[in-house]
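First the structure, in the form of structure tokens, and then the observations on it.
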Amino acid sequence: MMLRSVLPFFNYSTGWGSLYGIYSPLRVASRSGTLKFMANLHHPAHGSDLFYPLDNSAVFIASVTGKASPFIYRVSCELDETVYLPDLEAALAETAERFPFFKTELRPGVFWYYLDPLKKPLKLYADTRFPVEYHSLQRWNRYLFRVRVYGSRIACEFHHILTDGTGSLEFLKTLTASYLTRRGVVCDDWQGIKHPSETVDPLEYEDAYASRFRKKIPLPSPEPTAFQLPGPRYRNPVYRVTTGSVSLAEALKIARGKGVSLTALLAAIHLSALQSVCEECRPTDWKPICVQIPVNMRHFYPSRSMRNFFLYITVSIDRRLGHYEFQEILDCVHYTIKLNLQSKELDRQLKRNVRGEENPLSRMVPLIIKNQVLRVIGMLSADKPFSGSLSNLQMVSMPEEFASKIIRFDFLPARKRSTGVNVGVVSWKDTLSITLGSLVVDRSFERYFFSLCASFGFAFTVESNI
Amino acid sequence: MPYCPKCRVALAPGTLNCPLCQEPSVDSPDSPIPASIPFTTDIRNADEKEKLSPDELRRMVFELLSVSFGILLLVTIGVDFLQNHMISWSRYTSLILVLVWLCSAMPLILWHRPWLLFSILGPSLLAGVFLWTVFSGNFGWFLPLGLPITVVLEGAVISSTVLIGVQTHKGLNAVGIVLVAVTLVCIGINLSVSFYLKGHIDLSWSLIVGISLVPVSGFFFYLHYRVMNRASLRKLFRL
Numbered sequence: 001m002m003l004r005s006v007l008p009f010f011n012y013s014t015g016w017g018s019l020y021g022i023y024s025p026l027r028v029a030s031r032s033g034t035l036k037f038m039a040n041l042h043h044p045a046h047g048s049d050l051f052y053p054l055d056n057s058a059v060f061i062a063s064v065t066g067k068a069s070p071f072i073y074r075v076s077c078e079l080d081e082t083v084y085l086p087d088l089e090a091a092l093a094e095t096a097e098r099f100p101f102f103k104t105e106l107r108p109g110v111f112w113y114y115l116d117p118l119k120k121p122l123k124l125y126a127d128t129r130f131p132v133e134y135h136s137l138q139r140w141n142r143y144l145f146r147v148r149v150y151g152s153r154i155a156c157e158f159h160h161i162l163t164d165g166t167g168s169l170e171f172l173k174t175l176t177a178s179y180l181t182r183r184g185v186v187c188d189d190w191q192g193i194k195h196p197s198e199t200v201d202p203l204e205y206e207d208a209y210a211s212r213f214r215k216k217i218p219l220p221s222p223e224p225t226a227f228q229l230p231g232p233r234y235r236n237p238v239y240r241v242t243t244g245s246v247s248l249a250e251a252l253k254i255a256r257g258k259g260v261s262l263t264a265l266l267a268a269i270h271l272s273a274l275q276s277v278c279e280e281c282r283p284t285d286w287k288p289i290c291v292q293i294p295v296n297m298r299h300f301y302p303s304r305s306m307r308n309f310f311l312y313i314t315v316s317i318d319r320r321l322g323h324y325e326f327q328e329i330l331d332c333v334h335y336t337i338k339l340n341l342q343s344k345e346l347d348r349q350l351k352r353n354v355r356g357e358e359n360p361l362s363r364m365v366p367l368i369i370k371n372q373v374l375r376v377i378g379m380l381s382a383d384k385p386f387s388g389s390l391s392n393l394q395m396v397s398m399p400e401e402f403a404s405k406i407i408r409f410d411f412l413p414a415r416k417r418s419t420g421v422n423v424g425v426v427s428w429k430d431t432l433s434i435t436l437g438s439l440v441v442d443r444s445f446e447r448y449f450f451s452l453c454a455s456f457g458f459a460f461t462v463e464s465n466i
Numbered sequence: 467m468p469y470c471p472k473c474r475v476a477l478a479p480g481t482l483n484c485p486l487c488q489e490p491s492v493d494s495p496d497s498p499i500p501a502s503i504p505f506t507t508d509i510r511n512a513d514e515k516e517k518l519s520p521d522e523l524r525r526m527v528f529e530l531l532s533v534s535f536g537i538l539l540l541v542t543i544g545v546d547f548l549q550n551h552m553i554s555w556s557r558y559t560s561l562i563l564v565l566v567w568l569c570s571a572m573p574l575i576l577w578h579r580p581w582l583l584f585s586i587l588g589p590s591l592l593a594g595v596f597l598w599t600v601f602s603g604n605f606g607w608f609l610p611l612g613l614p615i616t617v618v619l620e621g622a623v624i625s626s627t628v629l630i631g632v633q634t635h636k637g638l639n640a641v642g643i644v645l646v647a648v649t650l651v652c653i654g655i656n657l658s659v660s661f662y663l664k665g666h667i668d669l670s671w672s673l674i675v676g677i678s679l680v681p682v683s684g685f686f687f688y689l690h691y692r693v694m695n696r697a698s699l700r701k702l703f704r705l
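The structure is reproduced here in structure tokens:
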């Protein structure tokens, strides 16, 4: 979800972002007032002509994805027993049928990329030490997600073109529930988890951005260039994954003791750790330190979409004003989140990203030119306003019958060469799992982050793949 | 129970190598794994079950065509017989009706057996042309004109059908194949007619057809294999 970082450049003063609005049946439908929400409504459900236009986020991501930003993230769960491969294969096959919009490949059209249904059988992959590695989109005939297995762990790695954290978690929950059912767990009420035998709701693959677009509101202010972690990066495929687990109740108690949400507290710790690294390595770098926090827009606009539907808020400190004490950072973060976490404010971002749809000329620019322009923009400025990101997928819940068989969930953010380190947070039962994915060889950030956490009383159990 | 020591997953009974990493499996001391529970994966619309299957639809159309052509055949022969008290002009209409019926109805019932279809239609069309010469009483044009043109036409149809059939992704490449086949048929007709009329082979108008159609078919092949592959125009040109 933190991959949204490139989107601020979407529609800035350059105006290039306007190229990337989606003209879809949905927009026509919402104008006419007859049809709503459906990006692909007039397509036959299983017709050979079926395809899925990319959602607004995916359009940009498809153009700029590469080795420096592979846009692949991972959600995983660990069961209480070793995975039995034949049952997981069968569960994957039926789960994928429930999510047909994930059973697709990315293909280029003349004007836009689109997702084309792919009939190739789905495979399970062995897990690797350095996950979420680059996945070339230039090789067609491959899915944009993969399921990896190791011991009792089932991990789903999704390309952000397909979906955001919410969609991928839904997929993992269905896959796990389906697998556990095959393993003999009986559960009559799946409590909102998508059942493989359900009919697919077309609203699940709508472009949720387009139907919520408000034309006559001002754009958000541009963001300045931010400090980014210095130092050499690992070469592909190395990716350092450091996971800290702590009691959720304990973490919530600490956050409430400070009068803030858990996300605000973690974001403040993130900013503070970045400030410490900056003061140590680049004391004369006066650029602001900015952390982006993705926001699940489904909380603001009811949507069943399983595709991307998120925006972000940015919390920052201005280093020109001097050293920030932790309480000052916490106040900044707390009130910034409160101010920006309003639908009206988020609507401005939504307008910035979707307004390109209004320009028919930009829609007619061939994809090959759009790609080149977007890559240049991405290279020059796309990642600059962010020092890192912190994505909190919140609490995962499943029926008790399944939950008793699952030990933990983890969320690993995507690699990003520019920011270096990104943070993923997810909670399961009484375990808060914080995962730092880092391409920076130096471990200072992790050291500051977990030291700061420990200073507040977090009793972390930390593990790393390097 | 087989077990992969590398991926640490349990494998199906009898599995020698892990399907994920190809590591040889070892025996696991784990407790037996309960049998799988089957799931329904049927997410089709219930209305689809009410529709005719493609085979049923083909059989129905075959029956309709056969009855219609049969009636037409009987009517033309009957009218001819009532008028002339003999079979005269209706021989030609009957021959055409039988050939049209063969070409339109036989593919419907031999849909899954293309080679049987070709082996019936090929000789039938040749026999039809031969019968036409018999009815007309002029055998002179059958060998130099009727036979080669029919053979070229049948060859072009069979080869283009086979070529299109073996394509994994059918699209503009099918149009390209048809255009090449049309070019070959034109060349065949041109050669046969020139040989029949002038006594020697002379490529004239078919050359112009070829020069026009072959680059167009080449463009279609290029579009299909380099640009579109298996996409529909609707997907490709969505604005």
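Listed in order, the protein sequences are those of chains A and B.
Sequential numbering of the first sequence, starting at 1, is according to the working numbering.
Sequential numbering of the second sequence, starting at 467, is according to the working numbering.
Positions of the beta carbon are idealized from the N, C-alpha and C atoms, including for glycine.
Let me confirm a value: Lys173/A is counted as buried when at least 16 other C-beta atoms fall within 10 Å, else exposed. Which label applies? buried
Bounding residues of the beta strand (DSSP E) (the contiguous stretch that carries Pro117/A): Tyr113 to Pro117
Chain B within 9 Å of Pro360/A, Cβ atoms only: yes
Would you mind working out which of Ala459/A, Leu175/A, Leu311/A and Thr199/A sits nearest Ala93/A, comparing C-alpha positions? Ranking the options by Cα distance to Ala93/A, first place goes to Leu175/A.
Kindly indicate which three-state DSSP category Phe60/A falls into: helix, strand or coil? helix
Are the C-beta atoms of Trp190/A and some chain B residue less than 9 Å apart? no
Quick check: what's the CA-CA separation for Phe608/B versus Phe596/B? Distance from the CA atom of Phe608/B to the CA atom of Phe596/B, rounded to whole angstroms, is 7 Å.
What are the complete alpha helix (DSSP H) segments, minimum 4 residues, inside the segment 569-641 of chain B? 580-602 and 613-632
Selection from His334/A, Tyr239/A, Val291/A and His195/A that minimises the alpha carbon distance to Leu262/A: His334/A
Coil, strand or helix - Arg307/A by DSSP: coil
8 Å contact criterion, which Ala155/A and Arg74/A should meet: CB distance rounded: 6 Å
Residues of chain A with CB under 8 Å from Lys701/B, in chain order? The contacting residues are Asp49, Phe51, Arg107, Gly109, Tyr114 and Asp116.
For the ligand FMN, I want to know if Tyr239/A counts as a neighbour, meaning its beta carbon is within less than 8 Å of at least one of the ligand's heavy atoms. No copy of the ligand FMN appears in this structure; indeed no ligand is present at all.
The beta strand (DSSP E) that contains Trp428/A, what's its start and end? Val421 to Trp428
Check whether the Cβ of Tyr691/B lies closer than 9 Å to any Cβ atom in chain A. With a threshold of 9 Å between beta carbons, Tyr691/B makes no contact with chain A.
Rounded to whole angstroms, what is the Cα-Cα separation between Gln394/A and Ser303/A? 18 Å
9 Å Cβ cutoff met for Val426/A and Leu436/A: no
For Gly167/A, collect the residues of the same chain with a Cβ closer than 7 Å to its Cβ; drop the 5 residues on either side in sequence, then sort them by chain order. Met306 and Arg307
Using a Cβ cut-off of 9 Å (strictly closer), state whether Tyr73/A contacts chain B. no
To the nearest angstrom, how far is it from the Cα of Leu35/A to the Cα of Glu206/A? For Leu35/A, the pLDDT reaches just 35, beneath the cut-off of 50, and the residue's location in the model is therefore unreliable, leaving the point undetermined.
Residues in the segment 140-157 of chain A with C-beta within 7 Å of chain B's C-beta atoms, listed in sequence order? Val149, Tyr150 and Gly151
On the premise that Arg474/B lies in contact with Gly151/A, defined as a C-beta separation below 8 Å, what is that separation, rounded to the nearest angstrom? 4 Å
Quick check: Asp546/B and Ile553/B, are their CB atoms within less than 9 Å of each other? yes
In the DSSP output, what is Val291/A paired with across the bridge? Val315/A and Gly388/A
Chain A beta carbons: is any one of them nearer than 9 Å to that of Tyr558/B? no
When you compare each of Tyr143/A, Tyr134/A, Pro131/A and Glu105/A to Leu122/A by their alpha carbons, which one comes out closest? With distances taken between Cα atoms, Leu122/A lies closest to Tyr143/A.
Would the segment 198-212 of chain A count as touching the segment 350-368 of chain A if we require 3 or more Cβ pairs under 8 Å? yes
At the level of alpha carbons, what is the spacing between Ala251/A and Ser451/A? 15 Å
Rounded to whole angstroms, what's the CA-CA distance from Glu157/A to Leu88/A? Just pull it up for me. 16 Å
For Val260/A, three-class secondary structure by DSSP: coil
In this structure, how does DSSP classify Pro108/A when only helix, strand and coil are distinguished? strand
For Arg219/A and Lys370/A, I'd like the C-alpha separation in whole angstroms. A small fix is needed here, since residue 219/A is Leu in this sequence, not Arg. Straight-line spacing of the CA atoms in Leu219/A and Lys370/A works out to 22 Å.
Partner residues on chain B for Arg304/A, Cβ-Cβ distance less than 8 Å: Within chain B, no residue comes near Arg304/A; the closest Cβ sits about 16 Å away, beyond 8 Å.
So the candidates are Ser57/A, Val110/A, Glu401/A and Ser343/A; which of them puts its Cα closest to the Cα of Thr181/A? Looking from the CA of Thr181/A, the closest CA among Ser57/A, Val110/A, Glu401/A and Ser343/A belongs to Glu401/A.
For Arg474/B, which of helix, strand or coil comes out of DSSP? Judged by DSSP in its simplified three-state form, Arg474/B adopts coil rather than helix or strand.
Chain B within 9 Å of Met38/A, Cβ atoms only: Summary for Met38/A: the model assigns pLDDT 36, below 50, so the residue's position carries little reliability, and this model does not support an answer.
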